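Asker:
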Amino acid sequence: MAGTNPTAGNREDRPKGGREKRERRDGEFQKEKSPYTERVVFINRVAKVVKGGRRFSFTALIVVGDGKGMVGVGYGKAKEVPQAIAKAVEDGKKNFFKVPLLNGTIPHPVQGEKAAGIILLRPASPGTGVIAGGPVRAVLECAGITDVLTKSLGSGNPINMVHATAAALKMLENPTAIAARRGRPLEDVAPAAITRLIAEQVKVGA
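This note's numbering numbers the first residue of the sequence shown as 25 and each following residue consecutively.
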């Protein structure tokens, strides 16, 4: 008579802990999905010369935004790319600032400068889209801007372009606030097209 193996049994009766744990982890990951849009603009490998040779690490430039007017630029450095990106995302969230939007575009032309980077932004009519290069587009789309015209007047370095774009967005002002500060009617400080957009927003919000 053949001997019986006490450890043998029906596979269906075995616990499925591994599969259940994976499903639980996947569910938790979906629940913890970030509400922010994250765009990787630039990743670079850098080296530090030490006594034993060269020590490599990675730097990441990330743009984070909620698509509703909040955006931030972050920079991170770590020995591995995922850790560098995670640090850059956290840094970007700390640097959030508010961008005034009017029906998906900006309220007025503006020019931002950072180091050798110079970026010009102009409002655009609905349906135009984001006319911009990669680094500039990342900042504008994360901020929730859907129609805008841009032009780079300086360096093509992506780091300078991103920071110049952020500098331009920080200079934007709501025409209503400008009119209140000057003590003049809105029609005197904003073009007719912008005035109509503000009136439409007021009607929608009412």
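Quick reminder that beta carbons are idealized off the backbone N, C-alpha and C, glycines included. Predicted model only: the values in this text are computed from it and were never measured.
Applying the 10 Å Cβ sphere with the 16-neighbour rule, what's the burial state of Arg-78?
Answerer: Exposed.
Asker: How is Leu-173 classed by DSSP in three states: helix, strand or coil?
Answerer: In the structure shown, Leu-173 sits in a strand (DSSP, three-state: E or B).
Asker: So who's on the other strand from Tyr-99, going by DSSP bridges?
Answerer: Paired residues: Leu-85.
Asker: Would you call the segment 153–169 in contact with the segment 194–205, where contact means no fewer than 3 C-beta pairs closer than 8 Å?
Answerer: Cβ pair count under 8 Å is below three, so no.
Asker: When you compare each of Thr-129, Val-65, Arg-208, Gly-168 to Ile-222 by their alpha carbons, which one comes out closest?
Answerer: It is Thr-129.
Asker: Check this for me: beta carbons of Ala-139 and Asn-184, under 8 Å apart or not?
Answerer: Result yes, Cβ atoms of Ala-139 and Asn-184 sit closer than 8 Å.
Asker: Report the CB separation of Gly-89 from Gly-153 in whole angstroms; it is logged as a contact under 8 Å.
Answerer: Their Cβ separation, rounded to whole angstroms, is 17 Å, which puts Gly-89 and Gly-153 out of contact at 8 Å.
Asker: Excluding the 5 residues preceding and the 5 following Asp-50 in the sequence, name in chain order all residues of the same chain whose CB lies nearer than 6 Å to its CB.
Answerer: For Asp-50, the predicted model reports a pLDDT of 48, less than 50, meaning its position is unreliable and no value from the coordinates is stated.
Asker: Evaluate Arg-220 with the Cβ neighbour count: other Cβ atoms within 10 Å of its Cβ, from every protein chain shown; 16 or more gives buried, anything less gives exposed.
Answerer: So Arg-220 counts as exposed.
Asker: Give the straight-line distance between the Cα atoms of Leu-164 and Phe-66, rounded to the nearest whole angstrom.
Answerer: The straight-line gap from Cα to Cα measures roughly 16 Å.
Asker: What does the alpha-carbon distance come out to for the pair Glu-62 and Gly-116?
Answerer: Those two C-alpha atoms are separated by around 9 Å.
Asker: Roughly how many angstroms lie between the CA atoms of Ile-109 and Gly-91, to the nearest whole one?
Answerer: Straight-line Cα distance between these residues: approximately 20 Å.
Asker: Please report the straight-line C-alpha distance between Asn-119 and Leu-144, rounded to a whole angstrom.
Answerer: So the two alpha carbons sit approximately 22 Å from each other.
Asker: Three-state secondary structure (DSSP) at Arg-208?
Answerer: Arg-208: coil per DSSP, three-state reduction.
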